[in-house]
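The numbering of the sequence shown is our numbering, which starts it at 9 and goes up by one. The structure appears right after this line, and notes come after that.
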Amino acid sequence: NALITADTRLRNDAVARGYFFNSDGTPVAVGQPLKNPAFAATLRRIASEGPDAFYKGDIARDIVAAVTAHRLPGDITEADLAGYEAKRRDVLCGKYRAFKVCGMGPPSSGAIAVLAMLGTLERFPMEQVRPNSTEAVHLFSEAGRLAYADRDYYVADPAFIDVPVQGLIDAEYLRTRSRLIAPERSMGRAPHGMPPGAKQAFAPDENSEVPATSHISVVDRDGNAVSMTTTIESAFGSHIMVRGFLLNNQLTDFSLHPAEGGLPVANRVEGGKRPRSSMAPTLVFDSNGQLLMVTGSPGGSAIINYVAKTLVGVLDWKLDIQRAISLPNMGSRNGATEIERGSVLQKLITPLRAIGHEVQEVDFTSGLQGIVVSPDGLSGGTDPRREGLVLGE
9 NALITADTRL RNDAVARGYF FNSDGTPVAV GQPLKNPAFA ATLRRIASEG PDAFYKGDIA
69 RDIVAAVTAH RLPGDITEAD LAGYEAKRRD VLCGKYRAFK VCGMGPPSSG AIAVLAMLGT
129 LERFPMEQVR PNSTEAVHLF SEAGRLAYAD RDYYVADPAF IDVPVQGLID AEYLRTRSRL
189 IAPERSMGRA PHGMPPGAKQ AFAPDENSEV PATSHISVVD RDGNAVSMTT TIESAFGSHI
249 MVRGFLLNNQ LTDFSLHPAE GGLPVANRVE GGKRPRSSMA PTLVFDSNGQ LLMVTGSPGG
309 SAIINYVAKT LVGVLDWKLD IQRAISLPNM GSRNGATEIE RGSVLQKLIT PLRAIGHEVQ
369 EVDFTSGLQG IVVSPDGLSG GTDPRREGLV LGE
């Protein structure tokens with residue numbers, strides 16, 4: 009209700025207006041039932057006819073018609089939709105202390121950057137660092153600067169860019185990068201590194217993603233686990249609704265600048281290219297290869313910091329999953345050091361500035377969801393900053 013009320017463009021689309029607003033023009037109220045038979049029919053078509061029901065035929069024609077008839081029309085064609093196919097990609101895993109941490113590879117930058125942060129922090133005794141301390145925020149933020157610098161420089165759709173994935177999470181490379189972290193002085197803006205396997209020079213991409221998206225974490229009684237992050241980019245995507253669903257505005261995940269200083273930006277717009285994301289659905293396994301933890305979050309480019317904070321909270325600080333999720337958000341995306349507005353971290357602003365941090369208070373919109381597996385069963389945690397729920401049998 010709050011998002012609908014605050015949005016000034018959603019009612020411009022007739023289909024969206026009919027779904028999200030009452031006949032008198034007021035937004036649907038909290039608790040008001042919503043029925044979406046058009047979406048139900050779409051899902052039934054896909055279930056019975058497969059993906060071609062969506063990418064070809066009358067549904068595809070309706071998508072193209074809605075986009076091209078918009079007051080700011082797009083160039084999408086039926087051939088574009090017919091030519092799209094989902095890609096099955098290899099999982100990306102790395103070691104952090106005794107644990108195996110796994111996530112999704114490019115075009116998402118999430119797992120690369122999370123693993124880079126953890127690999128950078130591995131040289132420091134984080135288990136001895138007190139949560140919510142100046143030292144904790146300093147080390148975590150400096151590791152984030154280094155990880156985001158490489159992410160912004162190297163990561164894009166691997167069908168178009170030769171991303172040095174293994175080099176970016178290489179243990180020796182990250183140990184070398186970690187030596188840029190001074191214990192009592194912020195480095196400021198971090199430079200990108202030269203990981204093993206890097207073959208091309210780029211310009212850094214400073215595009216900022218919209219802090220939206222949704223995440224769920226699931227573990228069943230047999231130990232099967234799902235960490236799933238989904239998105240249409242901003243809260244209502246492109247504000248165009250077709251057949252009961254909203255179309256995304258994922259183009260905003262690309263860099264709007266194709267080149268800087270004579271060098272191409274890896275995440276520049278190109279036909280048929282998938283934009284870089286920061287989604288970081290994560291599975292953690294213990295030293296015996298047994299599932300230990302499932303987590304992830306919405307939140308645009310800050311997802312990386314949210315997930316890394318939760319992993320450090322559980323794996324280093326031995327917090328339960330709820331306490332780790334509830335820890336104040338913090339970190340740097342290679343700009344200012346950001347701390348959660350209204351949190352206990354406010355008391356650290358002066359000491360952080362004294363060691364060179366440019367500190368900004370931010371209203372973070374994480375939506376972390378996590379599960380930890382132990383001999384005693386499953387423990388769940390949900391982010392108090394958003395709607396969320398822990399359910400179990």
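Each residue gets a CB set at the ideal place from its N, CA and C atoms; glycine is no exception.
Query                                                                                                                    : Result
Spatial distance of Q354 from V137 (CA atoms)                                                                            : 18 Å
Nearest neighbour of L300, chosen from P266, M249, A233 and A288 [CA to CA]                                              : A233
Cut-off 7 Å between Cβ atoms - residues of its own chain near R439, not counting five sequence neighbours on either side : The question about residue 439 has no answer, for the chain in this structure spans 9 to 401.
3 or more residues per run - each beta strand (DSSP E) lying fully within the segment 296 to 362                         : 299 to 304, 338 to 340 and 345 to 348
Exposure of T3, with buried meaning 16 or more beta-carbon neighbours within 10 Å                                        : Absent from the structure is residue 3, since the part of the chain shown begins at 9 and ends at 401.
Where the beta strand (DSSP E) containing S235 begins and where it ends                                                  : A233 to T238
Close-in-space but distant-in-sequence residues of the same chain around A179 (CB under 7 Å, 5 per side omitted)         : G127
DSSP-derived helix/strand/coil call for H223                                                                             : strand
Counted within 10 angstroms of its Cβ, other Cβ atoms place K317 as buried (16 or more) or exposed                       : buried
DSSP beta-bridge partners of L291                                                                                        : C110 and V302
Supposed close pair L291, V302 - CB separation, criterion 8 Å                                                            : 6 Å
R229 in three-state terms, based on DSSP                                                                                 : coil
Nearest-angstrom beta carbon gap, S286 and G304 [assumed within contact, 8 Å]                                            : Contact flag wrong, Cβ pair sits at about 11 Å.
Beta-carbon proximity check, G343 vs F148, cutoff 8 Å                                                                    : no
Contained alpha helix (DSSP H) runs [length at least 4] in the segment 37 to 72, N- to C-terminal order                  : 45 to 57 and 60 to 63
Spatially closest choice to A151 from A124, I169, P166 and H223, by CA coordinates                                       : A124
Length of the line joining the Cα atoms of T390 and L397                                                                 : 6 Å
Closest by C-alpha distance to A14, when choosing among A22, G26, L129 and T34                                           : T34
Classification of G388 by the beta-carbon crowding that lies within 10 angstroms, buried from 16 upward                  : buried
Contact between the segment 69 to 86 and the segment 39 to 48 (3+ Cβ pairs under 8 Å)                                    : no
Buried versus exposed call for N2 [16 or more other C-beta atoms within 10 Å across all chains shown]                    : Given a span of 9 to 401 for the chain in the structure shown, any question on residue 2 remains unanswerable.
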